[in-house]
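**Q**
2 protein chains.
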Amino acid sequence: MHTIKELLANSTLKTTPQRLVILKEIEKRGHASIEEIYENVKILFPTISLATIYKNINALQEENIITPVCSPKKSRYEITKEPHAHFICKECDKIEDIIFDENIDKIIETKYPNSQKELYIYGVCKECQKG
Amino acid sequence: MHTIKELLANSTLKTTPQRLVILKEIEKRGHASIEEIYENVKILFPTISLATIYKNINALQEENIITPVCSPKKSRYEITKEPHAHFICKECDKIEDIIFDENIDKIIETKYPNSQKELYIYGVCKECQKG
DNA sequence: TTCTGTGCAAATCTTTTGCATGGCA
DNA sequence: TGCCATGCAAAAGATTTGCACAGAA
């Protein structure tokens, strides 16, 4: 486990207040979209520009500090962590982290060895099934 | 199994030459992006407009005739079929359909019952691992 | 004949780029 | 101090909208 400051210090990127605030926002929300990051970072950092958000999102992805979580509706980003699975609701676009079942892990590892894998399950969440 | 014509006939959408050609292109490629569809449909249908492609992609998704396949790089679409899994290469963005392992199916069904599920495995394909 | 679909143009939204200035190491 | 990062403005790219005409049912 690393702190956000350590993640930056161990990368080729410089530690700037903007980057710290962007990463804290992603960490706090679990999964954050560009607009969510921009709107919330602007509260603490009114002068920040959208271009800075985009540049940093790209740089942080290249350093593997954050990982895109893609849904059909909008892309979001999370702090890169151990392999885990996502459940994404097709209706409300909610993302839940789920335990990466070790049996599934074994099955996939057999077929796709040495693959840096991520598992996504797209479905309809319980709340939306009720509606 | 349904033909493309039947898919349209059973929907609320009218059957037009443009829609048939768009769907045939998606079927032929397995997974097609907006630009791929546009570039190839234009050969048969030089007057087609990008707006028509977008409007139809949205309409066909609402009718559940096509399903988005999302990758971190670009969105693509496929004809809606029985649940199956995708392997998407993080490097070259290639998409492979893979058999939906019945053991994985059972594990997911236990945790997410009655969920219209899709399985995605993001990793690095064999070709890109060599490089 | 009716009403949806098409195609064009314009509008809007999203993301990237260039450049002068500011700030971390 | 040197070089990378920021922020602005503009450019480029992607997607949506409005409207008149064409075409499926």
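Just so you know, the protein sequences line up as chains X and Y, in that order.
Position 80, counted from 1, in the first sequence is what the numbering used here calls 107; the numbers after and before it change by one each time, with no gaps.
Position 76, counted from 1, in the second sequence is what the numbering used here calls 103; the numbers after and before it change by one each time, with no gaps.
For every residue, glycine included, the Cβ atom is placed at its ideal position computed from N, Cα and C.
It should be emphasised that the depicted structure is a prediction, and the values quoted were computed from it without experimental measurement.
(1) Output needed for arginine 46 of chain X: all residues of its chain with C-beta closer than 8 Å, excluding positions within five of it in sequence on either side, in chain order.
(2) I'd like to check one pair, isoleucine 125 of chain X with aspartate 128 of chain Y: are the Cβ atoms closer than 7 Å?
(3) Can you tell me whether glutamate 136 of chain Y sits near the ligand NAP, meaning its C-beta is under 6 Å from at least one heavy atom of the ligand?
(4) Between proline 95 of chain X and lysine 101 of chain X, what straight-line distance do the alpha-carbon atoms span, to the nearest angstrom?
(5) So the candidates are X:Lys157, X:Gln143 and X:Gln156; which of them puts its Cα closest to the Cα of glutamine 156 of chain Y?
(6) Apart from the five residues on each side of it in sequence, which residues of its chain come closer than 8 Å, Cβ to Cβ, to glycine 57 of chain X?
(7) Does chain Y have any CB closer than 7 Å to the CB of isoleucine 92 of chain X?
(8) How far does the beta strand (DSSP E) with glutamate 123 of chain X in it reach, from first residue to last?
(9) Can you pull the DSSP bridge partners for threonine 39 of chain Y?
(10) Pull up the distance between the alpha-carbon of isoleucine 147 of chain Y and that of cysteine 97 of chain X, whole angstroms please.
(11) Just list the alpha helix (DSSP H) runs in the segment 59 to 131 of chain Y, keeping only unbroken ones of 4 residues or longer that don't cross its boundaries, in chain order.
**A** In short, the structure shows the following:
(1) In the first sequence, residue 46 of chain X corresponds to position 19, counting from 1. Taking C-beta separations shorter than 8 Å and ignoring five residues to either side along the sequence, the partners of arginine 46 of chain X in its chain run Leu35, Leu40, Asn83 and Leu87, following chain order.
(2) Stepping through the second sequence from its first residue, residue 128 of chain Y is reached at position 101. Stepping through the first sequence from its first residue, residue 125 of chain X is reached at position 98. No; because the gap between Cβ atoms is not below 7 Å, this pair is not in contact.
(3) You won't find the ligand NAP in this model; it holds no ligand whatsoever.
(4) Stepping through the first sequence from its first residue, residue 95 of chain X is reached at position 68. Stepping through the first sequence from its first residue, residue 101 of chain X is reached at position 74. C-alpha separation (whole angstroms): 10 Å.
(5) In the second sequence, residue 156 of chain Y corresponds to position 129, counting from 1. Glutamine 156 of chain Y has its Cα closest to that of X:Gln143, out of X:Lys157, X:Gln143 and X:Gln156.
(6) By 1-based counting over the first sequence, the position of residue 57 of chain X is 30. These residues qualify, in order along the chain: Glu105, Ile122 and Asp124.
(7) Position 65 of the first sequence, counted from the start, is the residue given in the question as residue 92 of chain X. By this cut-off, isoleucine 92 of chain X is not an interface position.
(8) Residue mapping note: residue 123 of chain X aligns to position 96 of the first sequence, counting from 1. Per DSSP, glutamate 123 of chain X belongs to the beta strand (DSSP E) from 122 to 125.
(9) One-based indexing of the second sequence puts residue 39 of chain Y at position 12. DSSP lists no partner for threonine 39 of chain Y.
(10) Taking the second sequence and counting its residues from 1, one reaches residue 147 of chain Y at position 120. Taking the first sequence and counting its residues from 1, one reaches residue 97 of chain X at position 70. One point to set straight first is that residue 147 of chain Y is tyrosine, not isoleucine, in the sequence displayed. Each residue's Cα considered, the two are about 11 Å apart.
(11) 61 to 71 and 77 to 89
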